[in-house]
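> Residue numbers (our numbering), protein chains in the order written: chain A, -13 to 452; chain B, 12 to 98; chain C, 12 to 98; chain D, 12 to 98; chain E, 12 to 98; chain F, 12 to 98; chain G, 12 to 98.
I am attaching a structure below and will ask some questions about it afterwards.
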Amino acid sequence: MSEIINGNPVFSLKEVAESIKRTLQTRYTSAFWVRAEMNRLNFYRLSGHCYPDLVQKSEGSVIAQMRAVMWSSDYQRINRNFVQTTGEPLREGITMLFQASIQFDANHGLSLQIHDIDPVYALGELEREKLETIQKLKVERLFGLNAQKSLPLLVKRLAIVSVSTSKGLADFEQVLRESKSGYQVDLMLFPSLLQGEKAALQIERQLECIASVAHHFDAVAIIRGGGSDVGLTAFNDFRLASAICRFPLPVLTGIGHATNLTVVEMVAHTHAITPTKLAEIILQRFEIVDVGLDRAAKILTKSLQQIRLEQHRLETVSLNMKGLTLSEIMLNRNRIMDKMLEIRFISRQHMHHENNRLGQMQTNLESKSGYQIWQTASLLSQKENDFFKQIPAFLVQKFVDIDHVERLIELSRPEKILKRGFSIVYHNGRALTDVDQLHQGDTLDIRLAEGRVVASATEIYETNQE
Amino acid sequence: MTKKMLYAEAYEELQLLVSELENGEITVDELADKVKRAAQLIRFCKEKLHSTELEVNMVLKELGDTPKTASEGLPEDRGGLSSDFET
Amino acid sequence: MTKKMLYAEAYEELQLLVSELENGEITVDELADKVKRAAQLIRFCKEKLHSTELEVNMVLKELGDTPKTASEGLPEDRGGLSSDFET
Amino acid sequence: MTKKMLYAEAYEELQLLVSELENGEITVDELADKVKRAAQLIRFCKEKLHSTELEVNMVLKELGDTPKTASEGLPEDRGGLSSDFET
Amino acid sequence: MTKKMLYAEAYEELQLLVSELENGEITVDELADKVKRAAQLIRFCKEKLHSTELEVNMVLKELGDTPKTASEGLPEDRGGLSSDFET
Amino acid sequence: MTKKMLYAEAYEELQLLVSELENGEITVDELADKVKRAAQLIRFCKEKLHSTELEVNMVLKELGDTPKTASEGLPEDRGGLSSDFET
Amino acid sequence: MTKKMLYAEAYEELQLLVSELENGEITVDELADKVKRAAQLIRFCKEKLHSTELEVNMVLKELGDTPKTASEGLPEDRGGLSSDFET
């Protein structure tokens, strides 16, 4: 098979290719799972086959690259499964888990034939991607910006981004139109594709357009009919999301779907799960205002109540004043009456008291003067008694004294003495009391009580001689 | 100076006389005169009291004759009283 | 200075008289005059009360004649009152 | 100097006589005279007392005839008394 | 300075008068004048209430006449109302 | 000088005599005379005493006839006594 | 400065008035004016609920050559009302 040229075996290209193919076939006998980013899908509408470019990046640069092939039948199946799980068709730019086998073709070289794609893994990847978008919006301080716009109380002028043929839009308009209260909401459509690769860009363009005439509108509504959950990718687009965040008017969304919220819905001012719902939300605001106005009108009639109340208060004050005034007069009248009675009582009492005092004085005067006279009289008679009582005693004493003296004198009489046997001896006419001058023989004249005797002294003895 | 005696003075003198009597400070020589004076004073006081009583009673009676509540109508001739009542 | 007496002054004087009487500060000599004065004061107060009552009653009666609720119609000639009512 | 004797003087002299008698200061020679004097004094005092009593009683009786409470009406002819009563 | 009185002021003054009355701060001398003033105030307040009520009623009646929903047809001549609505 | 002897002098002389007698200062010779003199004096004294007693009794009797209490009424004819009684 | 009154402002003012009314914070003096003002505001707000405001022609004109719109038949001429409504 191989020729020898210049001593060296030389292989034809085909031989080499077949050799490689053989080697690969013996080496890679079964399919295996590969993780790679699908850089390009390269779907060929005619054949229905896809020839995706797979890459692996590290820190921004491609470190591995490989072509792949997905045959039409595989693609149909895989895409169906993918949509079923993730809610969107296969798309480029996300990392997926492929089941593949190595194919080598002499013409086309090495490629991986994709047999299956794990949609669950892709789902995670999509979610991660979404999170990255949100993260990025947050980092750029855009997230939640639109929500801060104030939505007018009444959303009367609404710019709509939708497809003119959208069932969702029709529903939305119908709800608004059929509002029983006849509220007026003016709509202006800015048509745009809502799914597919160009959707995000178109929406963004229309938003730019609306922004240029923003002063005519109260808000923008992005409306997409319900039913299919497919093709929501545009609503996770970073550029669109950031445009919505920065949009000068409040952005409302009515995007019908069943899966998780898209980033656009997250950053919108208000989101409703269906266009119908959004219309209802808008009408509800009208309703609230309308009810508020009716209520206000009703409350205005309350002012009449206030007037009644005020009238009542006035009436009460008036009655109060009346009562108080009359009672004040009554009070004073009673006071005066009391004073009068008091004066009457007290002055009478006063005079009565004075009268009693005078009576007492009179009684006192009578009794005291009578007593004075009586006492003086009794003192006088006391003195009289004292005096005259002493007189008889005085005189008796004098009589007694005299009698006493008389008795003494009586006892001294000589006759009385002589009678008791005493006698007096005279000599020369003198009564003798001693024998001094007497001489023997002197004549003595002796006097007795009865009779006299004349005698002579025969013997004379001195007293001490006896 | 001759002035009318006051009840109060009369009563005071009377009290003095009676207390002198009570304390035996009045001799028999003065007694009659003092008692006479006291009697005079008592009589004066009684007179005074009586005349005062008559006067007061008359005033009070007049006052009591005015209707209790003014609203029951006052005699016409009293209308001028309040306006005459100045200080 | 001659000025019309006030009820309040009259009442005060009356009260003073009564309390003097109560405390026995008035002698028999003054009694009649004081009672006369009190009677004068009482009469004055009664007069004053009466005239005040008449006046007040008239005002109140007039007021009562105005309908209770303004909505029942006010007499026409009172329309000018509120505009005359200035401070 | 001749002046009417006072009861007080008479009584004092009497007391002196009694005490002289008690102290034996009176001689028999004076006794009769002294007794006579004492009797005279006693008689005088009694007279004096009696006349005073009569006078006082008369005054009091007159006074007693006037009712004790003035309110029971004073005799008319005494109306002039208080006005005659000056000091 | 002469200015029209306000209801609030009138009512306040009225209440003050009544509370003075309640607290017995008004003498009999002032009573008649105060009651007159109160009556004036009451009458003024009633007038004011009445005129306010008439005005309010008219406004409310007008408001009630406007249909609740504009779709039932607005009277033409009210088109100008909103344009009159300036501040 | 002849003058009536006083009881006091007589009694003194008597007492002198008695004391002389008691002291034995009188001789038998004088005794009779002295006794005579004493009897004379005694007689005088007794007489004096008797006459005094009579006199006193008479006064007392006179006085005793007047009632003890003056209030029981004094005899009329003694009214003049007090006025005669001058010093 | 005349500026178009905003619906929100009008509604807010109304709400304020209503809550003042409800809380009785409006005096009688202000009542009529406030009620008038509230009625005006209510009327204005009601108008707004049912009126058309979007001036499609103007929008298209402003957008110039970029009218990508397939406007589905807007009312022709309601623009005038809202522009008359200025504050």
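Glycine included, each C-beta is placed from N, C-alpha and C at the ideal position.
#1: Give, in chain order, every unbroken run of the beta strand (DSSP E) that is at least 3 residues long and sits entirely within the region 20 to 57 of chain B.
#2: In three-state terms, what does DSSP make of A:G95?
#3: From the beta carbon of G:V46, is the nearest beta carbon of chain E less than 9 Å away?
#4: Which residue spans inside the region 389 to 444 of chain A form an unbroken alpha helix (DSSP H) run of at least 4?
#5: Which residues does DSSP list as the beta-bridge partners of A:L82?
#6: According to the Cβ coordinates, are A:K166 and C:L71 closer than 9 Å?
#7: In or out: A:I230 buried (at least 16 other Cβ within 10 Å) or exposed?
#8: For A:T311, which residues in chain C fall below 8 Å Cβ to Cβ?
#9: Given a threshold of 16 other Cβ atoms within 10 Å of its Cβ, counted over all protein chains shown, does A:R438 qualify as buried or as exposed?
#10: Run through DSSP, which three-state label would A:N(-8) get?
#11: Output, in sequence order along the chain, the residues in the region 328 to 362 of chain A whose CB is closer than 7 Å to any CB in chain F.
#12: If you follow the beta strand (DSSP E) that A:K43 is part of, which residue opens it and which one closes it?
#13: What is the residue span of the alpha helix (DSSP H) that A:G168 lies within?
#14: For a contact defined as C-beta to C-beta under 8 Å, what are the partners of B:L42 on chain D?
#15: What is the C-beta distance between F:L28 and F:A49, in whole angstroms, given that I count them as a contact (C-beta under 8 Å)?
#16: To the nearest angstrom, how far is the alpha carbon of A:L109 from that of A:L286?
#17: For E:K72, write down the residues that DSSP places opposite it in a beta bridge.
#18: What does DSSP give as the partner residue(s) for A:R77 in the beta ladder?
#19: What does A:R399 touch in chain F if you count any residue whose Cβ is under 7 Å from its own?
#20: Note down the Cα distance separating C:E58 from C:M16, rounded to an integer number of angstroms.
#21: Any residues in the region 288 to 301 of chain A with a beta carbon nearer than 7 Å to a beta carbon of chain E? Which ones, in chain order?
#22: What distance in whole Å lies between the Cβ atoms of G:E64 and A:D172, which are believed to be in contact at a cut-off of 8 Å?
#23: How is A:V237 classed by DSSP in three states: helix, strand or coil?
#24: Within the 9 Å Cβ cut-off, does A:N306 reach chain C?
#25: Give the straight-line distance between the Cα atoms of A:R127 and A:T219, rounded to the nearest whole angstrom.
#26: Can you tell me the Cα-Cα spacing of A:G46 and A:K142, whole angstroms?
#27: For the candidate residues A:I395, A:E296 and A:S228, whose alpha-carbon lies nearest to that of A:Q121?
#28: Can you grab the Cα-Cα spacing for the pair D:H61 / D:N34, in whole Å?
#29: Could you please give the first and the last residue of the uninterrupted alpha helix (DSSP H) stretch that includes A:S33?
#30: From the DSSP secondary-structure annotation, give me the bridge partner or partners of A:F90.
#31: Just to make sure I have the definition right: I need the residues of chain A whose C-beta is within less than 8 Å of the C-beta of G:L74. Which are they?
#32: What residues in the region 258 to 289 of chain A have a beta carbon less than 8 Å from any beta carbon of chain G?
#33: How many Å lie between A:L180 and A:I241 at the Cα?
#34: So, with DSSP's three-state summary, where would you put A:V149?
#35: Can you find a C-beta in chain F that's less than 9 Å from the C-beta of A:R416?
#36: How would you list, in chain order, the residues of chain A whose beta-carbon sits under 7 Å from the beta-carbon of D:L28?
Result, derived from the coordinates:
#1: For the region 20 to 57 of chain B, not a single whole beta strand (DSSP E) run of length 3 or above is found.
#2: As a first step, residue 95 of chain A must be located in the first sequence, where it is residue number 109. Residue state, collapsed to three classes: strand.
#3: Working through the seventh sequence from its first residue, we reach residue 46 of chain G at position 35. Taking Cβ atoms only, chain E reaches closer than 9 Å to G:V46, which makes this a yes.
#4: DSSP runs (the alpha helix (DSSP H)) wholly in the region 389 to 444 of chain A: 400 to 405.
#5: In the first sequence, the residue the question calls residue 82 of chain A occupies position 96. With the sequence shown as reference, residue 82 of chain A is identified as Met, and Leu is not the correct amino acid for it. Note: A:M82 sits in a beta bridge opposite A:A22.
#6: The sequence position of residue 166 of chain A within the first sequence is 180, counting from 1. The sequence position of residue 71 of chain C within the third sequence is 60, counting from 1. Not in contact: A:K166 and C:L71 (Cβ atoms no closer than 9 Å).
#7: Looking up residue 230 of chain A in the first sequence gives position 244. By the neighbour-count criterion, in which a residue is buried when 16 or more other Cβ atoms sit within 10 angstroms of its Cβ, A:I230 is buried.
#8: Mapped onto the first sequence, residue 311 of chain A falls at position 325. Chain C residues near A:T311: V67 and L71.
#9: Stepping through the first sequence from its first residue, residue 438 of chain A is reached at position 452. With fewer than 16 other Cβ atoms within 10 Å, it is exposed.
#10: Here residue -8 of chain A is taken as the residue at index 6 of the first sequence, counted from 1. A:N(-8) sits in coil when the DSSP states are folded into three classes, being neither helix nor strand.
#11: Answer set for the region 328 to 362 of chain A: empty.
#12: Reading the first sequence from its first residue, position 57 is the one you call residue 43 of chain A. Here the beta strand (DSSP E) through A:K43 covers D39 to S44.
#13: In the first sequence, residue 168 of chain A corresponds to position 182, counting from 1. It is not in any alpha helix (DSSP H) - A:G168 carries neither H nor E in the DSSP assignment.
#14: For the purposes of this step, residue 42 of chain B is taken as residue 31 along the second sequence, with counting starting at 1. Here the neighbours are T63 and V67.
#15: Here the question's residue 28 of chain F lines up with position 17 in the sixth sequence. Here the question's residue 49 of chain F lines up with position 38 in the sixth sequence. Confirmed, about 5 Å.
#16: Here residue 109 of chain A refers to the residue found at position 123 of the first sequence. Here residue 286 of chain A refers to the residue found at position 300 of the first sequence. Rounded to the nearest whole angstrom, the C-alpha separation of A:L109 and A:L286 is 59 Å.
#17: Along the fifth sequence, one-based indexing puts residue 72 of chain E at 61. Note: E:K72 sits in no beta bridge, so no partner.
#18: In the first sequence, residue 77 of chain A corresponds to position 91, counting from 1. Note: A:R77 is not bridge-paired with any residue in the DSSP secondary-structure output.
#19: Residue 399 of chain A sits at position 413 when you count from the first residue of the first sequence. Against A:R399, the close residues of chain F are V46, in the order they occur along the chain (beta-carbon pairs closer than 7 Å).
#20: Counting from 1 along the third sequence, the entry for residue 58 of chain C is found at position 47. Counting from 1 along the third sequence, the entry for residue 16 of chain C is found at position 5. Between C:E58 and C:M16, the C-alpha separation is close to 12 Å.
#21: Across the region 288 to 301 of chain A, CB contacts with chain E closer than 7 Å involve S289, L290, I293, E296, Q297 and L300, in sequence order along the chain.
#22: On the first sequence, residue 172 of chain A is found 186 positions in, with the first residue counted as 1. On the seventh sequence, residue 64 of chain G is found 53 positions in, with the first residue counted as 1. About 6 Å; that satisfies the 8 Å criterion.
#23: Within the first sequence, the letter at position 251 stands for residue 237 of chain A. Strand, per DSSP.
#24: Here the question's residue 306 of chain A lines up with position 320 in the first sequence. Contact of A:N306 with chain C is not assigned, every C-beta pair being separated by 9 Å or more.
#25: Taking the first sequence and counting its residues from 1, the one referred to as residue 127 of chain A is at position 141. Taking the first sequence and counting its residues from 1, the one referred to as residue 219 of chain A is at position 233. Taking the straight line from one Cα to the other gives about 22 Å.
#26: What you label residue 46 of chain A is simply residue 60 of the first sequence in a count that begins at 1. What you label residue 142 of chain A is simply residue 156 of the first sequence in a count that begins at 1. Their Cα atoms are separated by approximately 48 Å.
#27: If you number the first sequence from 1, residue 121 of chain A lands on position 135. Per the C-alpha coordinates, the member of A:I395, A:E296 and A:S228 positioned closest to A:Q121 is A:S228.
#28: As a position in the fourth sequence, residue 61 of chain D is number 50, starting the count at 1. As a position in the fourth sequence, residue 34 of chain D is number 23, starting the count at 1. D:H61 and D:N34: Cα-Cα distance of roughly 31 Å.
#29: Taking the first sequence and counting its residues from 1, the one referred to as residue 33 of chain A is at position 47. Per DSSP, A:S33 lies in no alpha helix (DSSP H) segment and is marked neither H nor E.
#30: Position 104 of the first sequence, counting from 1, holds the residue named residue 90 of chain A. According to DSSP, which records beta bridges pairwise, A:F90 is partnered with A:L96.
#31: The sequence position of residue 74 of chain G within the seventh sequence is 63, counting from 1. Within 8 Å Cβ-Cβ: C195, S198 and V199.
#32: Answer in chain order: F272, V275, D276, G278, L279, R281, A282, A283, I285, L286, K288 and S289.
#33: Here the question's residue 180 of chain A lines up with position 194 in the first sequence. Here the question's residue 241 of chain A lines up with position 255 in the first sequence. Between A:L180 and A:I241, the C-alpha separation is close to 10 Å.
#34: Numbered from its first residue, the first sequence carries residue 149 of chain A at position 163. Of the three classes helix, strand and coil, the one that applies to A:V149 here is coil, per DSSP.
#35: On the first sequence, position 430 is the one that residue 416 of chain A refers to. Interface with chain F (9 Å Cβ-Cβ cutoff): A:R416 is included.
#36: Reading the fourth sequence from its first residue, position 17 is the one you call residue 28 of chain D. For D:L28, the neighbours in chain A by C-beta distance under 7 Å run, in chain order, F373.
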